[in-house]
Amino acid sequence: MKTAFMQGKFLRGLTLFLLLAIAASSAQAQPDNTYNFNPGRPGFAYGSTPLIQHTLSVEAFANVSGQTGKPWDETGYLVNGYVLRYSPLQNLELGIGTGLAKDWSQKGVSLNPLYLVARINILRKGDNGKPGLALIGQLNFPAGCHSQYAVSRGVIPAATLSVDQSFNNLWVVYNVGADWNAIESNTGLFYCVALGGMPGERLNLYGEFVGDHDWTYADYADPEGSTPARKGQVENTFSLRFGGDYFLTECFKIDLSVGTRLHGPHAMEVELGLAYGIPLKKRR
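Numbering-wise (my numbering), the sequence shown opens with residue 667 and increments by one.
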């Protein structure tokens with residue numbers, strides 16, 4: 667009861683903070699001079715620039731992963747994700763996402779976690795190295811079962827700070843964030859560094875490093891009988907991903923990436939995605 671009250675208080679505080687950030691950044695955020703479709707994919711990292719105002723982005727991906735050297739029916743996963751993003755203001759982007767997941771070691775298909783996300787631009791980046799700054803807030807809702815992507819009981823808030831820079835055709839993105847699962851007495855810290863470049867007008871190549879640290883701050887016993895978590899238990903995950911995306915048209919792009927885990931059982935993943943931008947109002 668106490669943890670639920672604490673999480674509710676945290677959610678109210680996070681909501682108030684996001685609203686204040688939107689109000690404070692409105693005076694600083696400026697519209698882009700040219701149309702630049704900037705969806706939320708590919709890759710883990712969030713850039714600081716939201717979609718152009720009044721643009722709807724429809725995004726989807728298929729991700730296949732598994733451990734090398736082990737049978738597919740023991741470690742294989744197939745995940746389909748679907749995301750809608752919309753930018754009602756110059757400095758604000760809202761999104762909702764979910765999907766389906768298939769764990770080949772178990773029967774049936776599960777619903778991916780449902781999440782809501784808001785990207786708030788605070789400083790616009792410049793082409794000459796001037797850094798951009800954004801705050802990303804996300805709420806993960808309890809959905810999914812029999813899946814490595816399943817979110818357990820309770821609403822899990824997360825917040826990420828994004829800083830990025832562009833130097834002509836090169837760019838770099840830094841992300842650091844945290845989430846809090848009061849129901850399971852777990853908190854996480856994650857960070858990402860992504861480097862990329864544009865060898866052509868339509869082609870973008872990138873590589874990123876992701877670190878994730880989950881810390882259990884109180885004993886937790888899963889009601890469904892899985893392995894209990896003990897106070898002070900820490901789980902560290904590090905991974906690399908390389909990929910690229912290509913604009914088929916001004917508003918439609920496809921992406922392909924390959925990722926690997928850097929410790930523990932060697933795992934690989936391949937992801938194919940697409941994003942289509944729909945301007946809902948004519949640009950002046």
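Cβ atoms here follow ideal geometry from the backbone N, Cα and C, with glycine treated the same way.
In this text, all values refer to a predicted model and were calculated from it rather than measured experimentally.
Rounded to the nearest whole angstrom, the C-alpha separation of W881 and E901 is 7 Å. The count of Cβ pairs closer than 8 Å, one atom from the region 836-850 and one from the region 720-733, stays below three, leaving the stretches out of contact. For the beta strand (DSSP E) assignment, the uninterrupted runs of no fewer than 3 residues enclosed by the region 843-870 are, from N- to C-terminal side, 852-863. In this structure, N806 sits away from T826, with a CB-CB distance that is not shorter than 7 Å. Of the residues I762, L755, S776 and G774, the one whose Cα lies closest to the Cα of I788 is L755. Residue environment: N794 is assigned as exposed (fewer than 16 neighbouring CB atoms within 10 Å of its CB, all protein chains considered).
Around the Cβ of L801, a 10 Å sphere holds 16 or more other Cβ atoms; the residue is buried. Rounded to the nearest whole angstrom, the C-alpha separation of V859 and K773 is 36 Å.
Taking 7 Å as the cut-off, the beta carbon of L836 is found no closer than this to the beta carbon of F875.
According to the DSSP secondary-structure assignment, T764 is paired through a beta bridge with Y748. In the three-state scheme derived from DSSP, where H, G and I count as helix and E and B as strand, T741 is classed as helix. The continuous beta strand (DSSP E) containing L827 extends over residues I822 to F833. In the DSSP assignment, Y912 falls within the beta strand (DSSP E) that extends over V900 to F913. The residues T734, in chain order, have a CB closer than 6 Å to that of H932 in the same chain once the five nearest residues on each side in sequence are set aside. N778 carries a coil assignment under DSSP once its states are collapsed to helix, strand and coil.
Collapsing the DSSP output to three states places S723 in a strand.
The DSSP-derived three-state label of W770 is coil.
Per DSSP, the beta-bridge partners of T882 are N852.
Distance from the Cα of S731 is smallest, within the candidate group L861, R927, L782 and Y752, for R927. For F918, the enclosing beta strand (DSSP E) covers residues F918 to R927. Only exposed fits I762, as fewer than 16 other CB atoms lie within 10 angstroms of its CB.
In this model, P716 and S753 are separated by some 7 Å (Cα to Cα).
Using a Cβ distance threshold of 7 Å, V745 and E725 do not count as a contacting pair. Y857 is positioned such that its CB atom lies no closer than 7 Å to that of G873.
DSSP places P716 outside any beta strand (DSSP E), giving it a letter other than H or E. The three-state reading of DSSP puts R785 in strand, counting E and B together. The three-state secondary structure of N757, taken from DSSP, is coil. Bounds of the beta strand (DSSP E) holding G939 are A933 to P945. Note: G732 is bridge-paired with M934 in the DSSP secondary-structure output.
DSSP, reduced to helix, strand and coil, places F875 within a strand of the structure shown.
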